[in-house]
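Structure, as structure tokens:
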Amino acid sequence: MKMADLEAKHTITPYQLTAIIIATVFGGQVVLAPRAIIEKAETGTMVALLLGGLIFFGIALMAIKLGEQYPKETLVDYMPRLWGQKVGGLIVWWFAAVFLIQFSIILNGFGKVITLFMFDRTPNQVIQIGILALTVYCAMQDFGTILRVLQITLLVSSIALFFIWSTALLNLNPDNLLPFMSSGVSEGLSTVFDMWGMYSGYEIILLILPLVLRSRTGLTKNVTWAFVILILMFEWLFIVIIGVATAKSAGNIPYPTIIAMRSVELPGTFIERLENYLLLAWVPTVFDSLVIALYGSAQVIARRYGYADHRPVVLLLAPVLFGGSLIMLYAITALETANKLTNWVGLGFSLVIIPISLMLAWRQKRGINSATEKS
Amino acid sequence: MRQKKVKEVLLIGIMIVICMVTAGCWDARELQERGFVLAVGIDTANSGDLSSKSAEMRKAETFVQHKGNKTYRMSLQILKLSAGGGGGESGGQKNESKTFILSNTGQSLFEMDRDMLGQSSKGLFFEHIQTIVISEAAVKEAGISVITDFLRRDPEMRWRNKVLITPGEAREILEYKSPTGEPSGQFLSNIVGLHKRNLHLPGARTDLGFVTQHLDNKLDFILPRVVKAGEVVKVGGAAVFKKDKFAGYIDEKAVAGSRFIHGTAESGIITVECKEHPGQLLAFELFNHDIRVRPHADGDNVYFVMDMMMRGNLAEVTCSGEHDTTDLKYLRDAEEAFADEIKRLVLYSHQTSQDMGVDFNRLGSKLKASDRKAWERVKDRWDDIFPTVPLIVSVNVSIRNIGEHK
Numbered sequence: 001m002k003m004a005d006l007e008a009k010h011t012i013t014p015y016q017l018t019a020i021i022i023a024t025v026f027g028g029q030v031v032l033a034p035r036a037i038i039e040k041a042e043t044g045t046m047v048a049l050l051l052g053g054l055i056f057f058g059i060a061l062m063a064i065k066l067g068e069q070y071p072k073e074t075l076v077d078y079m080p081r082l083w084g085q086k087v088g089g090l091i092v093w094w095f096a097a098v099f100l101i102q103f104s105i106i107l108n109g110f111g112k113v114i115t116l117f118m119f120d121r122t123p124n125q126v127i128q129i130g131i132l133a134l135t136v137y138c139a140m141q142d143f144g145t146i147l148r149v150l151q152i153t154l155l156v157s158s159i160a161l162f163f164i165w166s167t168a169l170l171n172l173n174p175d176n177l178l179p180f181m182s183s184g185v186s187e188g189l190s191t192v193f194d195m196w197g198m199y200s201g202y203e204i205i206l207l208i209l210p211l212v213l214r215s216r217t218g219l220t221k222n223v224t225w226a227f228v229i230l231i232l233m234f235e236w237l238f239i240v241i242i243g244v245a246t247a248k249s250a251g252n253i254p255y256p257t258i259i260a261m262r263s264v265e266l267p268g269t270f271i272e273r274l275e276n277y278l279l280l281a282w283v284p285t286v287f288d289s290l291v292i293a294l295y296g297s298a299q300v301i302a303r304r305y306g307y308a309d310h311r312p313v314v315l316l317l318a319p320v321l322f323g324g325s326l327i328m329l330y331a332i333t334a335l336e337t338a339n340k341l342t343n344w345v346g347l348g349f350s351l352v353i354i355p356i357s358l359m360l361a362w363r364q365k366r367g368i369n370s371a372t373e374k375s
Numbered sequence: 001m002r003q004k005k006v007k008e009v010l011l012i013g014i015m016i017v018i019c020m021v022t023a024g025c026w027d028a029r030e031l032q033e034r035g036f037v038l039a040v041g042i043d044t045a046n047s048g049d050l051s052s053k054s055a056e057m058r059k060a061e062t063f064v065q066h067k068g069n070k071t072y073r074m075s076l077q078i079l080k081l082s083a084g085g086g087g088g089e090s091g092g093q094k095n096e097s098k099t100f101i102l103s104n105t106g107q108s109l110f111e112m113d114r115d116m117l118g119q120s121s122k123g124l125f126f127e128h129i130q131t132i133v134i135s136e137a138a139v140k141e142a143g144i145s146v147i148t149d150f151l152r153r154d155p156e157m158r159w160r161n162k163v164l165i166t167p168g169e170a171r172e173i174l175e176y177k178s179p180t181g182e183p184s185g186q187f188l189s190n191i192v193g194l195h196k197r198n199l200h201l202p203g204a205r206t207d208l209g210f211v212t213q214h215l216d217n218k219l220d221f222i223l224p225r226v227v228k229a230g231e232v233v234k235v236g237g238a239a240v241f242k243k244d245k246f247a248g249y250i251d252e253k254a255v256a257g258s259r260f261i262h263g264t265a266e267s268g269i270i271t272v273e274c275k276e277h278p279g280q281l282l283a284f285e286l287f288n289h290d291i292r293v294r295p296h297a298d299g300d301n302v303y304f305v306m307d308m309m310m311r312g313n314l315a316e317v318t319c320s321g322e323h324d325t326t327d328l329k330y331l332r333d334a335e336e337a338f339a340d341e342i343k344r345l346v347l348y349s350h351q352t353s354q355d356m357g358v359d360f361n362r363l364g365s366k367l368k369a370s371d372r373k374a375w376e377r378v379k380d381r382w383d384d385i386f387p388t389v390p391l392i393v394s395v396n397v398s399i400r401n402i403g404e405h406k
């Protein structure tokens, strides 16, 4: 008797879509990104973060609309039809590149953070290989397994992170958050697009949308929920960091999320050095986003070349990604370049490719409809 | 079948290997192998006893320095871990000190720290530091930013380390044997932790983390002052810093006023003289407060309005036999007198900061927080404007209780 394959998942519920978006977006950047953002936006970070969230929420809705034009297809199928074979193929690689460059940057940052704060005598590469091996193992599974792992770790770790952050309230000085607009409106607006690094990952919608069981109300509500939760979590994170450490100090500290926690003393308890608890809760969120980034990029590359199985691609990508991370480890300029590159690649995909693709899809549909009417 | 068996053997082999490599920390350092540093003292290289014997010892404890100068003397108070128990208090060792002190001279604190391993059989571990004592002479040498750079940079440091300034020698403070038997680092840290009940102690927002913040934000600030005279060690008053440069000391009254302005005075005692009985005192114990400092700016004309609502108890009346402390009129008069005294303390602190030309009450950052445009107008001239900025204080005191006896 043949057993049912419980791991092969061909459909997900709209709520699982919400969970996947959150799990993909929420990860390494909560520790790795705040310094650069706060250094630039200072106390205006919260406003910039909100505006950035709204902009990328708008793009995510466009991605949903785009996916709705092709209910049973992923971007690998419809991009070549919209843009032509060559350009469409490049866009598929562009999508993969968004996740792959991010993957190497997060892997590199993860290694640095863990060696700096937890295992100072363990070589960085060993830490990276450890999380990479785990990520590869998970990404080699079927989507059902990955989804289950994501849901469990997301729930447990994000709740833990939220509560650990909240302990910093004991040290929060509201004056540190003022003024809300640290510079003029134009300078403030220029930092909004730097927020892509915080919200990156929602592009995964273009890959997983065909799996979602469509509800009568559409998926707007689910994407809205995902972004509301993400915006609130990120706002809370930055309020805690700036409220505890001040914007200037946070801009001078490589990992202000961790240092803000270091300042917490829980009165009357033996618990101290809460940054270690924060790191323990952070590791699963990093793992989640790495898994989905690797799985997603392997899937699109495999499909692009007509392979049904993504697993060989995962195995092929692993050493490349590790190599990319090592280059960033040994050459600081490489990390800087990769950070700039991922920002431009990501912003380009979000602000150019998705909106134009949607317009092309609408135009194409109108053309088909009018041709049908004429006939 | 054969393939299945091979798989099973392989799986068991992998599990054994995983157990072998994950069943312990390869880089574990046992507790008894660590030298727990409890306090750091920083003096100038030529501080303290300069006799020939001491000079010989100093020569032995230091190292040949190829770059820089012998600028500072760093002393570390290290916990003695005895086999009988944590602090060495067990089995007839009660009179023995629980700590010992190592010193070294150099310029880089980190270089001195690592060179001190030549005097210690255990690796020096900084995660349990309680207190950092810096001598006035050392902060005058190069500013507090340079001295604390290593302490602010090293991941082993905590942000809650207490930082104190002494007009004397930091090593002497570390050598102090506290009456409670606690190591002096722990003793001082606990004293500063009691700032909530002592208005004379500037213990709030003066830890290493806050020093970092003040330096990053280029703010003026104060740090607790510790003095040692004979067998007495006392923490009170504060050392004032203009940005990172030492600017002098302020007394306990100015510290109390400053704590009111910052809103960090959670509790404390205010005393006034009895109007009817000169020389006799009334004491008010502050329990909680609402304090609001609002800046007003019109062009270059900047002033601050401070509203204070203080609630507490009548804690002591040295002429109580002469008064009925339940009498409402008596209490209203006392409230007025306490309000006047609090106002006096605040204005004294403000005046002191203006006289020193150091904005340690951080009125500038309050202006920046609430009126960014006004701050942009005056920020470059703030040092010139600040000494003339008025502070208008309004205080209300409410006596909620008179204690257990009238």
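In order, the protein sequence lines correspond to chains A and B. Each step along the first sequence adds one to the number in full-length UniProt numbering, with nothing skipped, and position 185 is 185. Each step along the second sequence adds one to the number in full-length UniProt numbering, with nothing skipped, and position 305 is 305. For every residue, glycine included, the Cβ atom is placed at its ideal position computed from N, Cα and C.
Here the alpha carbon of F57(A) sits roughly 12 Å from the alpha carbon of M198(A). Look at Q107(B) here: in three-state DSSP terms it is coil, with no helix or strand label. For the region 196-230 of chain B, the beta-carbon criterion of a distance under 7 Å to any beta-carbon of chain A is satisfied by G209, T212, Q213, D216, N217. Judged by beta-carbon spacing, Q102(A) lies beyond the 8 Å limit of T337(A), meaning their Cβ atoms are not closer than that value. DSSP places V146(B) inside the alpha helix (DSSP H), whose first and last residues are 144-153. Scanning G312(B), Y176(B), L164(B), E316(B) for the CA closest to the CA of A229(B) turns up Y176(B). Taking 8 Å as the threshold, the shortest C-beta distance from W159(B) to chain A falls below it.
Within the region 234-252 of chain A, those residues whose Cβ lies closer than 7 Å to any Cβ of chain B are, in chain order, A245, T246, K248, S249, N252. Collapsing the DSSP output to three states places D380(B) in a helix. Distance from the CA atom of T71(B) to the CA atom of P123(A), rounded to whole angstroms, is 35 Å.
From the listed residues E373(A), I258(A), W362(A), the smallest Cα separation to K112(A) is found for I258(A). Approximately 5 Å separates the beta-carbon atoms of D43(B) and A170(B); this is inside 8 Å, confirming the contact.
V211(B) sits close to V163(B), with the two beta carbons spaced by under 8 Å. The continuous alpha helix (DSSP H) containing L230(A) extends over residues 220-245. The C-beta distance from I129(B) to L38(B) rounds to 6 Å, short enough to fall under 8 Å.
Here the region 86-104 of chain A makes contact with the region 290-304 of chain A; the two share three or more CB pairs at distances below 8 Å. Taking C-alpha positions only, N171(A) is separated from V264(A) by approximately 7 Å.
Contact of P155(B) with chain A by beta-carbon distance below 7 Å involves L116, F117. Note that the region 16-32 of chain A touches the region 221-232 of chain A; at least 3 beta-carbon pairs, one per stretch, sit closer than 8 Å.
Excluding residues up to 5 positions away in sequence, A48, L51, G52 lie with their Cβ nearer than 6 Å to the Cβ of V192(A) in the same chain. Counting along the chain, V40(B) sits inside the beta strand (DSSP E) bounded by residues 34-44. Under the Cβ criterion of 8 Å, S353(B) is not counted among the residues facing chain A. Check the Cα spacing between G357(B) and each of G118(B), L219(B), L286(B), H277(B): the tightest is with L219(B). Counting C-beta atoms within 10 angstroms of its own C-beta, L316(A) has fewer than 16 neighbours from the protein chains shown and is therefore classed as exposed. Counting C-beta pairs closer than 8 Å gives three or more between the region 359-376 of chain B and the region 245-264 of chain B, which meets the contact rule. Residues of chain B with a Cβ closer than 7 Å to the Cβ of R121(A) are, in chain order, D27. When C-beta distances to chain B are compared with 8 Å, every residue of the region 19-49 of chain A stays at or above that value. At a cut-off of 8 Å between C-beta atoms, A369(B) counts as an interface residue with respect to chain A. Taken in chain order, the members of the region 370-387 of chain B whose beta-carbon sits within less than 7 Å of a beta-carbon on chain A are S370, R372. Bounds of the beta strand (DSSP E) holding S394(B) are 391-401. Ranked by Cα distance from K379(B), the first of S349(B), D216(B), Q351(B), D300(B) is D300(B). Residue contact check for I204(A) against chain B: no CB pair falls below 8 Å. Scanning Y277(A), M46(A), V283(A), R81(A) for the CA closest to the CA of A361(A) turns up R81(A). The beta-carbon of L341(A) is placed no less than 8 Å from the nearest beta-carbon of chain B. For P256(A), not one C-beta of chain B is nearer than 8 Å to its own C-beta.
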